Amino acid sequence: MTRRQWSIAGQLFALQAVVVTLLVLAGAAGAVWLARSDSRQAAQEEVLAVAQTVANSPDVRAALTTADPASTLQPYAESTRRATGTDFVVVMAPDRTRYSHPTRELIGQPFVGEIGPALAGRPFTVTNVGTLGESVRAVVPVYDDQRRLVGLVSVGITTRAIDRKLLGQLPVLLGVVAPALALAASGSWLLSRRLRRQTHGLGPAQMTRMYEYYDAVLHSVREGLVVLTRDRRVALVNDEGRRLLGLGPDAAVVDQPVAGIDLPPAVAELLGSGRDALDEPILAGDRVLVANQRTTRFEGAVLGTVLTLRDQTELRTLASELDSVRALTEALQAQTHESANRLHTVLTLVELGRADEAVRLGTRGLELAQQLTDRVVGAVTEPALAALLLGKSAQASERGVDLVIEPDCRLDDSPLPTGDLLTVVGNLVDNALEAVAATPAPRRVRVFLGTVDDELVVRVADSGPGLAPDRVADAFRRGWSTKSTGRGLGLALIGQVVHRHGGRSEVGRSADGGSLFTIRLPIVGARR
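Structural data, given as structure tokens:
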């Protein structure tokens, strides 16, 4: 059977209850001790005052000079004892012989206790054990008219009597202690209840284990995580999130407002809006990220938002290359069907005895395809880029678009990584084909690749409707595209390549009235 663990709230309540109880009991004990001390002090003052009053009585002085002082002093002492509430009033001779005592059998016997200071003429109080038990007593000297010591007066109250008076005050003390203890216990219970609600009834071991596990998971996952509070402040950024957003490991971003943190514009806009996002592609520097953002709630209350980021830069590059290969494959398939149809037509013409027409039909398409292949392969020595251009040419032919490779196009080696070249050329050609798709014939796309003044120049022109002047500034922004949907990452990816290699981009009007995109990349910088 699993042992039930106490929650933090329960442990805190128990600890507070013990501490408060001990403090209250200690306070009560201190109050009792102070009350007892005060009672002893008051008793000393009381017995000293009574003793001095008796010692200064003329009747006592006169009785001490008679032959039988006890007959006079005993009734006087007993009446005084009863009137003052003391336990004994003893009048004695300087040699300790008692002349009065509450117990008549002790009259005439020596007094038990200290009397030395009184014999020396100094009244004093002391706590001694006598015939009636422990008592607080005062001893005062008695002088006659000639200032001769003729006797002593001792007045006392037993400590039992003092304690009985103190016990009579305990109900009042308990009446104060009990409400204080109840109030402290109620406050501790309310505090523990609130803490239980905030900690969800978890114990210290559970919370420690939860923190260790969650911290290890959050900092080891390969997804960026950004958690915001309700007031749009950063509550958490894990290690991957800092890396993807370009935040240093020591950057102070926790508990900072989103607006005050240097974030990529697309990420800042998404976090600031608080809207939900599902697999939304965004750009962060030279990275392509996929963002998912959700509003977090607990028991119906909004806690904030959680943004997760996945790096898909390499995946996007591979997807671009795959799209190029797929386009080339589809183009080859289309050419295969076209060649089969052409071959059937040629065979039919031969069977009909029209050999000359068959030869002209068979060689016309072959010459055009061969001329295009020779031109592309002769101008571009990079195999992947050449294959991309051939595939795009076949794709353009299917769409009824004339894809023209400029005569002065020449690229003998690859000054850029192949993936970057494919990204730039492939996306520019795709956008150009989309731009002219809905325009009337003739539809034309011109492509130039070459080196000019130590720069790699990629220029793609189309005969489409062109870009409006107010849209030129947004051409390389995330989410803008020449496609009809108006959404895309193609030009934004090109912008990343340009930024990464320190190049520049230009957007203008082509000779055919459409758009002219020019990308210039330094060769030296690219090789470095």
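Counting along the sequence shown from 1, when you hit position 31 you're at 1019 in my numbering, and nothing is skipped either side.
No residue lacks a Cβ here, since even glycine has one placed at the ideal position from N, Cα and C.
If you're wondering where the values come from, they're calculated on a predicted model, not measured in any experiment.
query: Hey, how far is the Cα of Ala1223 from the Cα of Ala1279?; result: 18 Å
query: Looking at C-alpha atoms only, which residue of Ala1039, Tyr1131 and Asp1083 is the closest neighbour of Glu1064?; result: Position check: residue 1064 holds Tyr in this sequence, whereas Glu was assumed. That would be Ala1039, whose Cα lies nearest to the Cα of Tyr1064.
query: Should Ser1451 go down as buried or exposed, given a rule of 16 or more other Cβ atoms within 10 Å for buried?; result: buried
query: To the nearest angstrom, how far is it from the Cα of Asp1267 to the Cα of Ala1375?; result: 32 Å
query: Using the beta-carbon count (16 or more within 10 Å), is Leu1003 buried or exposed?; result: exposed
query: Using C-beta distances below 6 Å, list every residue in its chain close to Thr1060, excluding the 5 sequence neighbours before and after it, in chain order.; result: Ala1051
query: Step through the CB atoms of chain C and report whether any lies within less than 8 Å of the CB of Asp1083.; result: In the structure shown, chain C cannot be found, because there is only a single protein chain.
query: So what does DSSP say about Val1215, is it helix, strand or coil?; result: strand
query: On the three-state DSSP scale, how would you describe Val1347?; result: helix
query: Taking one C-beta from the region 1442-1451 and one from the region 1232-1248 each time, how about it: are there three or more such pairs within less than 8 Å?; result: no
query: For Gln1281, does the three-state DSSP call read helix, strand or coil?; result: strand
query: Buried or exposed: where does Arg1516 fall if 16 or more other Cβ atoms within 10 Å of its Cβ makes it buried?; result: The predicted position of Arg1516 is uncertain, since its pLDDT is 37 and thus under 50; no value can be drawn from it.
query: Tell me which residues share the same chain as Ala1420 and place their Cβ nearer than 6 Å to its Cβ, disregarding the 5 neighbours each side in the sequence.; result: Val1433, Val1448 and Asp1450
query: Report yes if the C-beta distance between Ile1150 and Val1035 is below 8 Å; otherwise report no.; result: no
query: How many angstroms separate the CA atom of Leu956 from the CA atom of Val1392?; result: As displayed, the chain neither begins before 989 nor continues past 1516, which places residue 956 out of reach and without an answer.
query: Cα separation between Thr1473 and Leu1213?; result: Residue confidence for Thr1473 is low, a pLDDT of 43 falling below 50, so the modelled location carries little weight; the figure read from the coordinates is stated next. So the two alpha carbons sit approximately 30 Å from each other.
query: Alpha carbon to alpha carbon, what distance is there between Asp1299 and Pro1405?; result: 20 Å
query: I want to check one thing, is the minimum distance from the CB of Ala1170 to the heavy atoms of the ligand NAP below 7 Å?; result: By its list of ligands, the structure shown contains no ligand whatsoever, and the ligand NAP lies outside what it can speak to.
query: Are the beta-carbon atoms belonging to Ala1423 and Ser1503 less than 8 Å from one another?; result: yes
query: With H, G and I counted as helix, E and B as strand and the rest as coil, what does DSSP make of Ile1270?; result: strand
query: Note down, in chain order, each residue of its chain lying with its Cβ closer than 7 Å to the Cβ of Gln1097, except the 5 sequence neighbours on either side.; result: Arg1086
query: Could you name the residues that DSSP lists as bridge partners for Ile1507?; result: Val1446 and Ser1493
query: DSSP three-state call for Ser1381: helix, strand or coil?; result: helix
query: Can you give me the Cβ contacts of Ala1499 inside the same chain, cut-off strictly under 8 Å, excluding the 5 residues immediately before and after it?; result: Ala1449
query: Distance, Cα to Cα, Glu1345 vs Leu1337?; result: 7 Å
query: Report the three-state DSSP secondary structure of Thr990 (helix, strand or coil).; result: Confidence at Thr990 is low in this model, with a pLDDT of 46, below 50, so the placement of that residue is unreliable and no value is reported for it.
query: Could you tell me if Ser1174 is buried or exposed, where buried requires 16 or more neighbouring beta carbons within 10 angstroms of its beta carbon?; result: exposed
query: Determine the closest residue to Asp1047 out of Thr1068, Val1114, Ser1025 and Ala1254, with distance taken between C-alpha atoms.; result: Thr1068
query: Who are the Cβ neighbours of Ala1328 in its own chain at under 8 Å, not counting the five residues just before and after it?; result: none
query: In or out: Arg1136 buried (at least 16 other Cβ within 10 Å) or exposed?; result: exposed
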